[in-house]
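The numbers in UniProt numbering rise by one with no breaks, and the one at position 76 of the sequence shown is 76. In this text, a Cβ means the ideal position worked out from N, Cα and C, and glycines have one as well. As the structure is a computational prediction, the values presented were derived from the model and not from experiment. Written out below as structure tokens is the structure these notes cover.
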Amino acid sequence: MKSLQALFSYHPHITYVSLAGILSIFSLGPTPGMIPIILNLSILLVYSRQIFPTFAQHTVRNTSALWASLTIGGSIPRFRASIHALSQPSISIVSLFLLSGITSFLSIGALFLENRFGRNLNPFESSRLFLFPAIWATFWATIASLSPFGMLSTWSPVEGTGAYDWLVPWLGPEYLNWVVAAWAVVVSEAATSLYMTRSATDDEYDHPSADDLIETDPASSSHHPSHHPVGNRTSGVRTILAEKNKTALLAAVLVLLTVPSYIASPLPLSLEDVSKVTPLAVGCALPTFDEHKVHEFGFEHYLFESQRLDPSANFILWPEGAVRFRSDVERNTALAELREKIHHAFVGVAFEETLNDPEDPRNRNGIRRTGIAIVSNKSSTPHLVYYKRHLVPIAESFSLTHSREPPSAFTAEVVYSKRSRYPVAGHKREVNVTTSICLDFSAPSQFDNLDMKPGLILAPARTWDVTVGYTMWKQASQRAHEIGSTLLWCDGGAGGVSGVAGQGLNEVVQRGPGSWVRNIGLEYPFHDQRTFFARYGNSALILFWALVAGVPLVQRSEDYMRTVLKWFRRRTASSGPPVGHLLDA
């Protein structure tokens, strides 16, 4: 412990910058976990109190070193997947470091804002505990709405959030960012208090004071006291002990928020009682080379796979860009053929088509777009047509055009045969269905325009690396959970993962090619009321800032009540015999 204290005391900048870089390797990967992010953020919080005060020396140098450490550490786990993202690996590497550098810069900016605004909350320490979580959640909510990569641009946790997932349909992904930042505050405060109390009481080893942790100008340090126990020895051990109680209260609240996750059942719905569940068979049409002996599959191959799955599946999905159409006429002809040969299932045909430009009839510029059409033999026209809104910058944005129309939904009438294993009354059930495509799921507000909760989301994708595929699968699963829906994900890329998520399911059914069908269940009767997050979006940010503003008001009210009680006791003591305390402040 003594050697560790000496390391942080005499070499603070090297120690903190190195730790931040190492932890970034584990916390800023494609699927970041909650605990690594908390640890990394805790280190950054403690270190920010040393490099951002106005009297600290070498602020630019130390901040630049921290930025470089975070940028390199965040790029390492994404290097293998990014190197093949573009046609030229050199451009891919430059783009990776550029994006990682921007994200690191924004994260340091959030720490800087917390340090600056926190000074104004010095009299109200409890409020300061809620300041950084509010800034952190607001910061990344803004970045996610502005960035073309959406949530992929943020430090939001993807793994290890199970204990807090029950509140996501209410408060959205911003809630997870708030929880991460709140735990980081608890850990950083606990580490700070532990160091300060030991440093203040262990004088026989001549431990350096907290002021020694910050390189200050002796002539000016007395005129610029720090607002935080780190770097402010004048607060004393009593202040630190009082701060422990407030931090412990925040930690207790965070622990209590996990209790409902142990009460609610995480299991999927049972298909045994069809009076309470709508049984569905969903599947992916993914042709294989071994069966068709071709490397590039066309419409006839996906049609063959769909015909094979049709008797046993209610919904069949093709992967993103499964087929290419050169015109609207070619597309309509292919969809008409599909309707004639598919007799049972709804089929999500994911395609890439060439646009007819009125100003360029020959289409010399080659403008194309990616879309999906849901068809069945129950309608002569597609039930739903949707075009991709979010394109991968550089890789897709130059060759494809994006749509501005949000996803829509339709009600699919699922018919069960009399020989079905599920004796559904009337042999019919209705399911609300919507769709979205791959990178669209990085946007947390993708489905905010829907006026009902979809029961099923058809999600085609095509990724170039298994790491990217799994990352997008996790993002899509999160979006489905936020709106209380079930997701069917089909990735036609190399090593892509396909599966079902929602309603207690979070299962990667298969990796790579090969058609499959999975039986799932939706609640019946289906409650199509949208979740709180789907209706009100980022309104949880108001709650987070209310905690920051509300604590000072409560503390001021307590101070006012104490003043009134003291006045009342003095008047009582002066007007008669002593009276015990009637109220306990």
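For Ala68 and Gln50, I'd like the C-alpha separation in whole angstroms. 18 Å
Grouping DSSP H, G and I as helix and E and B as strand, with all else coil, what is Asn506? strand
Counting pairs of Cβ atoms below 8 Å between the stretch 97 to 104 and the stretch 509 to 520, do you hit three or more? no
Under 8 Å between the Cβ atoms of Val433 and Pro454? yes
Contact between the stretch 442 to 454 and the stretch 418 to 425 (3+ Cβ pairs under 8 Å): no
Close beta carbons around Ile93, own chain, < 6 Å, minus the five adjacent residues each side: For Ile93, where only same-chain residues beyond five positions count, there are no Cβ hits under 6 Å.
Just reading off the beta strand (DSSP E) that Arg518 is part of, what are its end residues? Trp516 to Glu523
Any non-hydrogen atom of the ligand GDP within 7 Å of Asp451 CB: For the structure depicted, the ligand GDP is absent and the ligand set is empty, with no information on it obtainable.
Bridge partners for Tyr386 per DSSP, in chain order? In DSSP, Tyr386 forms a bridge with Ile372.
On the three-state DSSP scale, how would you describe Leu98? helix
Just verifying my parser: in three-state terms, what is the DSSP assignment at Thr154? coil
Bounding residues of the alpha helix (DSSP H) (the contiguous stretch that carries Asn62): The continuous alpha helix (DSSP H) containing Asn62 extends over residues Thr59 to Ser75.
How many angstroms separate the CA atom of Ser399 from the CA atom of Gln307? C-alpha separation (whole angstroms): 32 Å.
Which residues does DSSP list as the beta-bridge partners of Cys284? Leu317 and Trp516
Start-to-end residues for the beta strand (DSSP E) that takes in Ile367: Careful: Ile367 lies outside any beta strand (DSSP E) and carries neither H nor E.
Restricting to runs no shorter than 4 residues, where is the alpha helix (DSSP H) found entirely within the stretch 324 to 356? Listed in chain order, the alpha helix (DSSP H) elements of length 4 or more contained wholly in the stretch 324 to 356 are 328 to 341.
Would you mind reading off the limits of the alpha helix (DSSP H) that contains Asn432? First-last for Asn432: Lys428 to Thr435, but that is the beta strand (DSSP E), not the alpha helix (DSSP H).
Cross-strand partners of Gly33 (DSSP beta bridge): According to the DSSP secondary-structure assignment, Gly33 is paired through a beta bridge with Glu159.
Paired residues, beta bridge with Phe410 - DSSP: Val433
Give the C-beta separation of Thr138 and Val46 to the nearest angstrom, bearing in mind that I take them to be a contact with Cβ-Cβ under 8 Å. Not a contact, Cβ separation roughly 22 Å.
Inter-residue spacing [alpha-carbon to alpha-carbon] between Val294 and Glu353: 22 Å
Would you mind reading off the limits of the alpha helix (DSSP H) that contains residue 614? With the chain running from 1 to 585 in the structure shown, residue 614 is simply not present.
Tell me whether the beta-carbon of Thr463 lies closer than 8 Å to the beta-carbon of Asp491. yes
Starting from Thr486, trace the beta strand (DSSP E) in both directions and tell me its first and last residue. Thr486 to Asp491
State yes or no: is the C-beta of Gly150 within less than 8 Å of the C-beta of His402? no
Under the three-state DSSP convention, the category Val168 falls into: The three-state secondary structure of Val168, taken from DSSP, is helix.
Name the residue from Gly172, Phe130, Leu111 and Glu159 whose alpha carbon lies nearest to the alpha carbon of Asn538. Gly172
Candidates Tyr302, Thr333, Phe79 and Ile342: closest to Ala350 by CA position: Tyr302
As a quick exercise: from Lys428, Gln88 and Thr154, pick the residue whose alpha carbon is nearest that of Ala443. Thr154
What's the call for Ile91, buried or exposed, on a 16-neighbour Cβ count within 10 Å? exposed
Can you give me the C-alpha to C-alpha distance between Ile14 and Ala313, rounded to a whole angstrom? 59 Å
What first and last residue would you give for the alpha helix (DSSP H) that runs through Ala20? Pro12 to Ser27
Do the stretch 255 to 265 and the stretch 159 to 171 meet, that is, are 3 or more Cβ pairs less than 8 Å apart? yes
Which residues does DSSP list as the beta-bridge partners of Val277? In DSSP, Val277 forms a bridge with Glu523.
Using a Cβ-Cβ cut-off of 8 Å (strictly less than) and excluding sequence neighbours within five positions of His427, which residues of its own chain qualify? Val415, Tyr416, Ser417, Lys418 and Ser420
Hey, Ala181 and Pro133 are a contact pair by Cβ (cut 8 Å); roughly how many whole angstroms apart? 4 Å
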